[in-house]
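Chains as they are written, first to last, in this note's numbering: chain A, 1 to 498; chain B, 1 to 586; chain C, 1 to 497; chain D, 1 to 102.
Glycine included, every Cβ here is placed at the ideal spot set by N, Cα and C.
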Amino acid sequence: MTWNESLPLLVLASSLVPGLIIFCLAEESKGLRTALNLVGVVLKLLLVAVMVWGVEQGQSYEVRFPLLPGIDFVLRADALSMFFALLSAVLWLATTIYAIGYLEDSPKRNRFFGFFSLCVTATLGVALAGNLVTFLLFYELLTLATYPLVVHRGTQVSLRAGRVYLAYTLTGGALLLAGIAWLHALAGNLEFTAQGFLSGLVQDHSAALVAIFVLLIAGLGAKAALVPLHGWLPQAMVAPAPVSALLHAVAVVKAGAFGIVRVVHDVYGFEVVAQLGVAGPLAAIAAVTIVYGSLRALFQTDIKRRLAFSTVSQVSYIVLGTAIAGPVATVGGVAHLVHQGLMKITLFFCAGNLAETLGIHRVEDLRGVGRRMPWTMAAFTLGALGMIGVPPMAGFFSKWFLASGGLDVGQPWVIAVLIASSLLNAAYFLPVIWTAWFRAPPETWPAERAPARGETSLMLLLPTVLVAASALGVGLLASMPFSPLQWVGLIVDVEYAP
Amino acid sequence: MTGASLDAWLLLLIPSAPLAVACALMLWPTRRALTLLAPWAALPALACALGLAPPLEIDLPWLLLGTQLGLDHTARIFLFFTAFLWLAAGVFATGYLQEGDGRARFFVFFLFAMAGNLGLIIAGDMLSFYASFAMMSFASYGLILHNRTAEAGRAGRIYIVMVVAGEVLLFAALILAAAAADSLLFADVPPALAEAPTRDVVLALAVAGFGIKLGVLGLHVWLPLAHPVAPTPASAVLSGAMIKAGLLGWLRLLPLGEGPALEGWGLLLMAVGLLAVFYAAFVGIAQRNPKTVLAYSSVSQMGLVTTAIGLGLAVPTRWPEISAIVLFLALHHALAKGALFLGVGMAASRFAAGRYRWLVAAGLVLPALALAGAPFTSGGLVKALLKPEAMALPAPWGAPLAALVSWTLVGTVLLMARFLYLAWPSGASAGAPSARASSGYSLAVPWATLIAALLLSAFTSGLAGAEAVWTWSAVLSGVATLALAAACTALAGWLLAKVDWHRIPLPASGDLVVPVERGLASLLRTSARALHDLRYRLSGGEAAAKSYLTTLRRLLAPAVSIEGGWAPACTMFLALLLLLAAISAT
Amino acid sequence: METPFADSPWTVWAVFTPMIGAVAAFLWPRRAALVGCLATLATVGSVFWLIWQVAQLGPQYHAMGGWGAPLGIDLHADGLSAAMLLTTALVGAGVTLYATAYFQQATETARFFWALWLLLWSAMNALFLSGDLFNLYVTLELVGVASVALVALAGNSDALTGAMRYFLLSLLGSLTYLLGVALLYGAHGTLDIGLLSDLVTPAPADWAATGLMVAGLSIKTALVPLHFWLPPAHAAAPAPVSALLSALVVKTSFYLLLRLWLELFPVTAPGFGQVLGLLGALAIFWGSFQALRQARLKLLVAYSTVAQIGYLFLAFPLALTTAAATAWAGTVLFILSHALAKAAMFLAAGNILKFAGHDRIADLGSGSPGIALSWAAFGIAGISIIGLPPSAGFAAKWLLLQASFASGQWWWLIPIVGGSLLAAAYMFKVAGLAFLPNDQGDQGDPKAAGARLSRRMKWTALGFALGALAMGFATPQILALLDSGTPFAQLGAVGVL
Amino acid sequence: MSATLLYAITGSGLFVLGLYALARHAHLLRKIIAVNVMGSGVFLVFGALAYRTPGLVSDAVPHAMVITGIVVAVSATAVALVLMLRVQSETGRPHLPEQPSD
């Protein structure tokens, strides 16, 4: 096995192995656990960085061995996979540091970090999967690895949330499986190929292809929280904040959205999708999800629930960009993978900081918290403004490209959807900001745990501020080489090459 | 970046100086030196405006989607008065606000708004303009809410709603404009837009989007609410500098002087503008807060600006002349309104109580006169120059427009009279919150400088034909009109003094917003209810699934109960056996 | 001695090693565990050697005593037998390891356990290697008697009544089968599957025999609605016995059914397969439904077996034309994966029961870290049962799905996928308990006999679970083994049964 | 030929009769006897079918098989009886519960 073959496996192993070791550790061995976590994180980031560099240089990384009759287990690095992989690796770094700080002194940390590592392994697997079956493998592993994190607290509420989560995601996985199996029976091939591999079948099997598309999108949509498959996401917010961050920004919903991008571009190819007439309905679903999620968010009083519905809405930007068959919109959609990730992880970190430090869970308890925790709220403000789409935050660029892309292909209604979403986002985020910064703080906070110094523990604050700064940075420096937008440009060039 | 001169690099200082100070202030909010330094962050901008020669250009391809900063004639004028006003207001603020008033917080917002305002002026591409515009708008939210009163809360709420609405309208406008021009550079947009099929949509969106900032009639409602509640120096920049950002947006985006004449749009804007002039005057004189009166005056003045822009759209051939007038109008209004707002602060300070009372009074009257268009003032100059341009309109419209432009004076005089009446330094206002002991020079010097600059501007405008305006007849007619208007006002005031004001249903501050607020609230309630219902219908799936399961359980109960029985089992066994044998026999 | 095929005495050793062990364990009860371990080692060794031969050299054959058919007893080993032997060896080895720890204190039970278990193993191996219908009956009956005795080992009333019910129905099944055998012999005068396969025609005797044999074997395989003996028996048995029964014993009769189907019965009536498939689908839904409403852990696991058996029967309607090889390969893979996963689940359930002193689901909780590994084993085994990748259960379901699409009967995906979802429902109903905080649920019963579980018991369960999970990666190798000799080699080549 | 058929039909009849008794009677001893009756029926069929070709000596193989079968049946019956006794001693009745206890 050459270096180029083993690199994808090493990327997976860099979180899998520490995770498995952590399972076996004693609960008290905090130092070793932290060290393992950090070593894994850094190693993974380095390996992914090497691969990103290599892909940019034209290297090919692929490992392949037979798994099922006619189907291989394939891990492959292409521009799109590295894009998602890098996002996951970077955000995992932030989330791990955050989680170490967040879970200080709480029980069952081994279990938590073990599954945490598995979860990231699965995410990287989803990113690197070279065909649909490999994708499915990691997609389901992701479901399984996140379930223990969702129910980590072990309360009745969280167990219920876990059940709902499983009901949705496993059903989604089953639909996905059915779709993939059918596709394999029909096409005999499941390898992700730029511009898809089904163009030869459109003539004779269009009805079957539409049915398969529906199955696949429904399967992926359950994780991507497309309305009406979004019900699990708001419930799953009972999980600890780092988990929410992981669910909403890095792993789960992203895996669904990423899968939709893969299916549309690398399985069907945008031309086939257009020929089959399924792009329009998909875009419509995405649009409905965007508006509905925002509307629901408007009426939530719990901070994390509000953020959860915001995720429902925001993740569909990615779907929308994918469904609008044009390079510019696709850039917007795919770049939103990163943009939404950075902004939403910021917001969830902030929500976690508030809950952990002051015991704040509800919007109305935020009164004047800006004075008590200025850094956290500054980060929150940046993230929220980004969600609204205020430049130069990252979110603006997603919207800009989505709207331009919609115009490009003669679908100006996209602008209306984006505007509606921006207005609604503003409507549910600005009151939060106003409450936090401009209302008088109460005498006492709901449950204050005074840190030694500073507004909260540094392990919590540092990742929060860093991801907020990155959300600003990727927007400000959108035209730098290796910025998400530029990288997506490369991907889209391949997908839309003549 | 090649080809950019060293001068062009200096442009980078303009937004980055206030940003840097703002960041420093966030990190070390207790440093007194930083707060004192804050106003001077506008100095590089002022220096650039005065010292650099347009045109300058610098490309920053790595920033946003490729940023271009530049300094052209328009930008230079905007940069001058904006930087000047920010500097003056900033210095004023160092004296006006005390340590305990959250001065550091105020300056953080102040500096961000400043950076946005200055940045958008030198922006050569849409995105950096839009980003700066947003930064300015959102940062001034903090200025408006600074006092944390209930009134400020309401004003802030309405302001932010309007800001967000403006942002999304602009987003759509810019997207469409960029698509039409296939470029993000302002230089490419107006010519392309003049020919584009989406022209009217973009125009509508831009007029409305920037109109919110500019306070175009109908979209002005936030302005009389927000300007008065902010601390006085903030009001000055809001009313003097920031609303001009909307004007700059129009100048950058609209196809002014390009392509065919847009008479429909022109007439619409002129109509709306002139209506604003009179409507704002009418509502403004009913107000009781001098700052509110000034805000309405801004609406009124911006009505004039709107009219001029409408004229430019309708008569593209005259645009070079009109544009010069509009720029000067902007400058004049910025300085005048800045001086008046700071004057309100001065009138409430200890100066007004002491021996400088008459000086303060004079300082209020002079800019008021300028605004009213008295001879030898910048305001008079503008109106005098605008009238002949109005005559350039096609036949039935030219003369009435010119006449209406003259009559705007009446409205302004009424407003200024009302303002002076309300703000007159009585000497008894020393107990007002803003009148605490403060270092007098930091208040007086910027104010005086502003007034001086205003007065001076009338003679250094450099406008074509400016020197020929003040003929004897023009001065006489100007003074006469002014006197007549003043007399009318005095008469009206005397008459009205006998009236019980409380019995007259005066339009409240913010006028139109009141019914809209009510409507929105009920809309929100209705939509909440509708959504609630919808959600139940959607989550009905869950309930249905549950009841379905229960039914299933009940239905299957008999099967469960016979599961362990021998007789059913053996019967089924026999049945299966026979069935299988029968099938294999076929 | 005539050797028409490659003659391998290892076929004999695969049967006799455990039998000798059984006798020895019976004779030297004090050393029963040791004997059991040694016999296991030897059996596993000979089985693996035989499998290696099958994989490398093709089908193996041995005529015992040199008589040859029809008078003597012949032993055959082809790919299908090898797969079954492999499954038995893997599960058997693990259960032996587990049992050495499980039966430490109860010497009386332990003694019988070893003898009976080795006897059962011997009978199962003989069944997998026989090619003669009557021999198959005898081995079937041996398997039945040994299993019943093993269930009864627990000695409590649940176990005894469970065993009794099991035995009566088992006898009913084998007698029905035997009646079919009698009819076939009457019609054709031979009992050798290979010889019969050329003679069977759609004559009355043949179709009656088919119905009898299939029905008899269905009852022994616990196909719904003939399953009701299974849950009480499997649930009441001691943990290692439950594992053996669910993982292996029910598969023996299914193996026989499969072999008869593939080699003997003329599949001229497609309705036959459809009926079995429908019953399989019914089993999936009914078993899962029952599993969901069980209040006790071991009963839940037992009903899960009922449901999973349904999957085995889905292949009958699917195995048409080109899809046949895929369908049967999926079924065999399913047998293997289910064996490992179910062994893991029963062993884990045994651990949990032993730790908590009961297996009432409502009162279970994660308890102390002492039981965490067993919960992990239970959960990981669940992955395979649900059929999530990369487990072998997934590979099996994938192949079944492929077969249903390839044979143009996509509707079978409803039970295949629906069964997965139901399995997830009952698995996670239990697995969620592992996440209750420490102060909820039972802390373990200090008075229970084995509140402290030995490491061996925990790790065996986990080992099975991990094996089932990782086996998905070995799918190509297993499928290659299957292709050795009849019946699978023909399926692939001819594509018709 | 007809005699063979008669035997075979009688054997099948016994089998069904046994099945009926197995289903009908709750007492375990009756059930065990029922199974034995079924077994006898099967053996009868075997015996009848041994006379395959008229005129010739009957086939020895079925006889061997019946003998083996009887051995199996006897052992099985023995096990069943022991189990029945154990059931009676544990539960106090020689019956099986109709429903498995939850």
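### Task
For cysteine 570 of chain B, collect the residues of the same chain with a Cβ closer than 7 Å to its Cβ; drop the 5 residues on either side in sequence, then sort them by chain order.
none
### Message
Please confirm whether threonine 2 of chain B has its beta-carbon closer than 9 Å to some beta-carbon of chain A.
### Response
At threonine 2 of chain B the pLDDT is 46, less than 50, meaning the model places this residue with poor confidence and gives no usable figure here.
### Local Cβ density within 10 Å of lysine 546 of chain B, reported as buried at 16 or more and exposed below that
Per the 10 Å Cβ criterion, exposed.
#### Entry: When B:Pro233, B:Thr232, B:Pro231, B:Ser239 are compared against leucine 223 of chain B, the one with the closest alpha-carbon
B:Ser239
### Message
Just to confirm before moving on: does the CB-CB distance between arginine 372 of chain A and proline 441 of chain A stay below 9 Å?
### Response
yes
### Task
Pull up the distance between the alpha-carbon of leucine 490 of chain A and that of proline 8 of chain A, whole angstroms please.
21 Å
#### Entry: Helix, strand or coil at valine 227 of chain A according to DSSP, with G and I counted as helix
It is coil, neither helix nor strand.
### Within 9 Å of chain C by C-beta, residues of the stretch 250-264 of chain A in sequence order
none
### Buried or exposed by the 16-neighbour rule on C-beta atoms within 10 Å, applied to tryptophan 358 of chain B
exposed
### Message
Please identify the residue among C:Tyr61, C:Ala461, C:Ala77 whose C-alpha is closest to the C-alpha of alanine 341 of chain C.
### Response
C:Ala461
### Message
As a quick exercise: from B:Ala417, B:Leu463, B:Phe81, B:Thr82, pick the residue whose alpha carbon is nearest that of glycine 284 of chain B.
### Response
The residue with the shortest Cα to Cα distance from glycine 284 of chain B is B:Ala417.
### Message
Suppose the cutoff is 8 Å on Cβ atoms and the five residues either side in sequence are ignored; what does the same chain contact list for alanine 199 of chain A look like?
### Response
The displayed chain sequence assigns serine, not alanine, to residue 199 of chain A. Around serine 199 of chain A: Gly269, Glu271, Val272.
### Task
Report the partner residues of isoleucine 71 of chain A according to the DSSP bridge assignment.
A:Leu68, per the DSSP bridge assignment.
### Task
Please classify isoleucine 67 of chain D: is it buried, with 16 or more other beta-carbons within 10 angstroms of its beta-carbon, or exposed?
exposed
### Message
Could you tell me the alpha carbon to alpha carbon distance between glycine 211 of chain B and asparagine 110 of chain A, rounded to whole angstroms?
### Response
59 Å
### Query
Can the beta-carbon of isoleucine 562 of chain B be found less than 9 Å from the beta-carbon of phenylalanine 272 of chain C?
no
### Task
Please name the residue or residues paired with glutamate 191 of chain A in a DSSP beta bridge.
A:Asn131
### Message
In whole angstroms, give me the CA-to-CA distance for arginine 350 of chain B and leucine 64 of chain B.
### Response
48 Å
### Query
Are three or more beta carbon pairs between the stretch 157-169 of chain C and the stretch 36-44 of chain D nearer than 8 Å?
no
### Query
Measuring CA to CA, which of C:Ala344, C:Ile386, C:Met345, C:Trp375 is closest to isoleucine 284 of chain C?
C:Ile386
### Query
In the stretch 271-344 of chain B, which residue ranges form an unbroken alpha helix (DSSP H) of at least 4 residues, counting only runs that do not cross its ends?
The stretch 271-344 of chain B contains these whole alpha helix (DSSP H) runs: 290-314.
### Query
How about glycine 293 of chain A and histidine 230 of chain A: do their beta carbons lie closer than 9 Å?
yes
### Query
Out of A:Phe348, A:Trp400, A:Asp365, A:Ala355, which has the shortest C-alpha to C-alpha gap to threonine 381 of chain A?
Nearest C-alpha to threonine 381 of chain A among A:Phe348, A:Trp400, A:Asp365, A:Ala355: A:Phe348.
### Task
Consult DSSP for aspartate 188 of chain B and reduce its assignment to one of helix, strand or coil.
coil
### Task
Can you say whether asparagine 425 of chain A is buried or exposed, counting buried as having 16 or more other CB atoms within 10 angstroms of its CB?
Result: buried.
### Query
To which residues of the same chain is leucine 215 of chain A closer than 6 Å at the C-beta, ignoring the five residues directly before and after it?
Leu175, Ala178, Gly179
### Query
Considering glutamate 271 of chain A, what are the terminal residues of the alpha helix (DSSP H) in which it resides?
270-276
### Query
Counting Cβ pairs closer than 8 Å, one from the stretch 102-112 of chain B and one from the stretch 65-79 of chain B, do we hit at least three?
Judged by Cβ distances under 8 Å, the stretch 102-112 of chain B makes no contact with the stretch 65-79 of chain B, as fewer than three pairs qualify.
### Query
Considering only the beta carbon of each residue, do alanine 339 of chain C and leucine 248 of chain C sit closer than 9 Å?
yes
### Query
What do you reckon, are the CB atoms on phenylalanine 313 of chain C and glycine 280 of chain C nearer than 9 Å?
Closer than 9 Å, so yes.
### Task
Could you tell me the boundaries of the alpha helix (DSSP H) in which alanine 50 of chain D lies?
28-50
### Task
Go to glutamine 59 of chain A, then tell me how far its beta strand (DSSP E) extends in each direction, as first and last residue.
Looking at the DSSP string, glutamine 59 of chain A is not in any beta strand (DSSP E), and its letter there is neither H nor E.
### Query
Of the residues that make up the stretch 476-497 of chain A, which ones have a beta carbon closer than 7 Å to any beta carbon in chain C?
none
### Cβ contact check for the stretch 92-104 of chain B and the stretch 244-260 of chain B: 3 or more pairs under 8 Å
no
### Query
When you check each C-beta in the stretch 103-130 of chain B against every C-beta of chain F, which residues fall closer than 9 Å?
Note that chain F does not occur in the displayed structure, where the protein chains are A, B, C and D.
### Spatial distance of glycine 454 of chain A from leucine 342 of chain A (CA atoms)
24 Å
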